[in-house]
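Chains as they are written, first to last, in this note's numbering: chain A, 1 to 421; chain B, 1 to 421. Using N, Cα and C, we set each Cβ at its ideal position, and we do this for glycine too. Worksheet: one structure, shown below.
Structure follows, in structure tokens:
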């Protein structure tokens, strides 16, 4: 029987920033990271001198493959003026910067460093869709990809298994999509900061202007059911079930707990970290959950001494609409088979009892894969500090938020719990 | 003024193993890692149940580019039976597994994990030389590579700067090469386990057998001066100044200090870790040293409370012969400009006062880049425990050894100090 996990000393999060996420032909990785870094600096209320940063951890997945540049640690270290201090890249596919976060937390908790910059970046839109699909598939098992299990294929199969087991259907996936767009509409950093209703209005206006037949959708679901508006990608995953290809960067500043209040009066504490690994699809006994997510969650709850019901708000890895449903179950927020009902009842909406992906999630905020993990923390930072603007959740005494990140077909999953004190 | 670095608790190294390094068309990364893992297990005197391993850190540089497979953490986690426990890949070009080692050390020192597997792997020989050159160049700055600064180019320029400053010449580089081969001749895991003398004899025998003109080299240096036997690659780097393209894997087992003796009666303790980052060549004021190596060394000595003269034996990153000379100066073993003289005097040989690269080094043991960092520790493990066989150094009371690893053109450097107690 192993002993309970614990951290050697407290670790606080005292700043967080991100670039806008989107497809930017005119911005490279350095440009994007500079945007994130500058915003992070502006959020450290009492200021941070870059000279005081001891080390950098940086998540990136595909830059060596897509833009033929690896070894990003020292490049970003140089960019933000840290050289000759250490810089380490972590890679866990779409969870790459959540791994960086964990290493930053462990480095501070170990007593070795006091102030650590953690971030992620990805530059995906300069390649065409086929190349991006090929690159992302490196996160999965090659023979599974060749058999059709690109990521839409994987999550399509996941959704059909879930439907079959629990009686859910496409209408339930649409609830996720509609919510994601409604939240992203209120997030100026989001790649798609428009509601489904906005998109419908735009399409109607365009058809009218061009003298084309005007679609007569009565509501968002009718729009999402329309195969011309929302074509199938890998059934039941349709276009609006899938996150986009994105460029972006994000970062957070970690410091030893005892130093937190010299950086800000409203620090967050990293009270729980968890990480798990998973095997390929061929080895899964059941497609309706992710073993690595469950392991990561259990570890993080144990470290934090918290239960799922203590987490008031969370960002979860909704690379596809079905993923959000599975993860809120795997994280213990809802029982297996109950996640889709909770979403239908509005419990996970901005005004629900357990708001999920208030940022718009990967689906609408965007998914520059290496930047997603720390990007999720930027949202939790804003919400827990009451700085989320129009999308601020109205929960009274909001103190505990969490972020869940997934890489590959569940090969790597992380769960991080933050607490405001 | 920052506080001195320290680790929250002691970390011990209780097992170490590596595959043979070489070019293996019939072995993939998993096969190679399995070799290393199985050897590591056999070295843990009191046994290790893989179930007791809490996490994996794995260094790899080029597998996504060369064999289109990324996300190696969970693949190797699955291979050695750790799933669903966490697995994290680190990348710092040729220092990738030294970064994994550091993260493993910090994870144990933080109190989070007690038993951590750390390793590295690389599979390079399935691509042709041009592709490998292109892939490795991703570790450098793209416009510098286009200007001719492939790695032989970089170290060629480094050597001419060093020659110019300190009066060294090619003959001094040859001393490094001859020593490396002499050591590797005694290392059955080495890619080139032959001395220069062996190579000369083979070539003479072959010429004799074929009735071709028999070369009349009087000694190793005459062989190395012969442009047909040892052609220039990027002057003054000749063929025998350069490390080969290699496949291989290596790993070590780290445990909390207080648990060490339940694994072995002869543990090593990780008493010093250091890491630095460096900028591109264009930003270097002086080509005759590596700022990142100096930073890493200073950090590691501070943590260990040791001085360079306390390190009795070391593996250093000799990707090219000149690199060994610079690094033994940067690490403080010899004064700037004195390294080549120390080698000439035999101080760094197997029977010298400060043996360097007893394994044969990258030059002759081989350099499967992601496997090199932990591979260096395998040699220090053997030497400090008196298990290095024919190449065991005869130093009395051998207790302190170290390993230095470099990535890119000095973008990432690490230094690790091990002590037997």
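Here residue 194/B carries a coil assignment [DSSP, helix/strand/coil]. Under the Cβ distance rule, residue 295/A counts among the residues neighbouring chain B, one pair being separated by less than 8 Å. The closest CA to that of residue 117/B, considering only 351/B, 265/B, 105/B and 123/B, is found on 105/B.
DSSP places residue 364/B inside the alpha helix (DSSP H), whose first and last residues are 361–365.
Bridge pairing for residue 44/A: absent [DSSP].
68, 69, 70, 71, 72, 73, 74, 75, 77, 78, 82, 83, 84, 85, 86, 87, 88, 89, 90 and 91: these are the residues of the region 68–91 of chain B whose beta carbon lies less than 9 Å from some beta carbon of chain A, given in chain order. Within the region 259–270 of chain B, not one residue has a Cβ closer than 7 Å to any Cβ of chain A.
By the Cβ criterion, the region 126–143 of chain B is not in contact with the region 127–140 of chain A, since fewer than three pairs of Cβ atoms, one from each stretch, lie closer than 8 Å.
One Cα belongs to residue 45/A, the other to residue 332/A, and the distance between them is close to 34 Å. At least 8 Å separates the beta-carbon of residue 280/B from that of residue 292/B. Neighbours of residue 6/A across chain B, judged by C-beta separation under 8 Å: 111 and 112. In this structure residue 94/B is not in contact with residue 377/B, their Cβ atoms being roughly 15 Å apart against a cut-off of 8 Å.
What residue 229/B touches in chain A, judged by beta-carbon distance under 9 Å, is nothing: the nearest beta carbon there is about 34 Å away. Taking the Cβ atoms as the reference, residue 12/B lies roughly 12 Å from residue 384/B, outside the contact range of under 8 Å.
Residue state for residue 130/B is assigned as helix, using DSSP reduced to three classes.
Looking at the backbone, the Cα of residue 349/B and that of residue 200/B are separated by about 21 Å. Excluding its 5 nearest sequence neighbours in each direction, residue 4/B has C-beta neighbours in its own chain below 7 Å: 302, listed in chain order. Residue pairing by DSSP puts residue 320/A in a beta bridge opposite 242/A. For residue 248/A against residue 122/A, the beta-carbon gap comes to about 7 Å, under 8 Å, which counts as contact. Legend: CB atoms of the region 178–200 of chain A lying less than 7 Å from CB atoms of chain B are not found in any residue.
For residue 404/A, the secondary structure class from DSSP, reduced to helix, strand or coil, is strand. Less than 8 Å separates the beta-carbon of residue 140/A from that of residue 149/A. Beta-bridge partners assigned by DSSP to residue 416/A: 273/A and 403/A.
Secondary structure within the region 365–394 of chain B: the alpha helix (DSSP H) runs of 4 or more consecutive residues, fully enclosed, are 369–384 (chain order). Residue 107/B reaches chain A at 106, counting residues in chain order whose Cβ is nearer than 7 Å. Under the 8 Å criterion on CB atoms, residue 330/B is classed as non-interfacial with respect to chain A. Here residue 390/B has 186 as same chain residues with Cβ atoms under 7 Å from its own Cβ, once five neighbours each way along the sequence are excluded.
In terms of beta-carbon proximity, residue 412/A lines the interface with chain B, with at least one pair separated by less than 8 Å. By the Cβ rule, the region 233–246 of chain A counts as touching the region 151–158 of chain A, because three or more pairs are nearer than 8 Å. The three-state reading of DSSP puts residue 331/B in coil, since its state is none of H, G, I, E or B. If you check each beta-carbon in the region 34–54 of chain B against every beta-carbon of chain A, none falls closer than 7 Å.
As a beta-bridge residue in DSSP terms, residue 254/A pairs with 13/A and 116/A. Residue 421/A counts as exposed, since fewer than 16 other C-beta atoms from the protein chains shown sit within 10 angstroms of its C-beta. Among the residues of chain B, those whose CB is under 7 Å from the CB of residue 64/A are 64, 65 and 138, following chain order. The CB of residue 149/B never comes closer than 9 Å to any CB in chain A; the least such distance is about 14 Å.
The contact set of residue 99/B on chain A, defined by CB atoms closer than 7 Å, consists of 88 in chain order.
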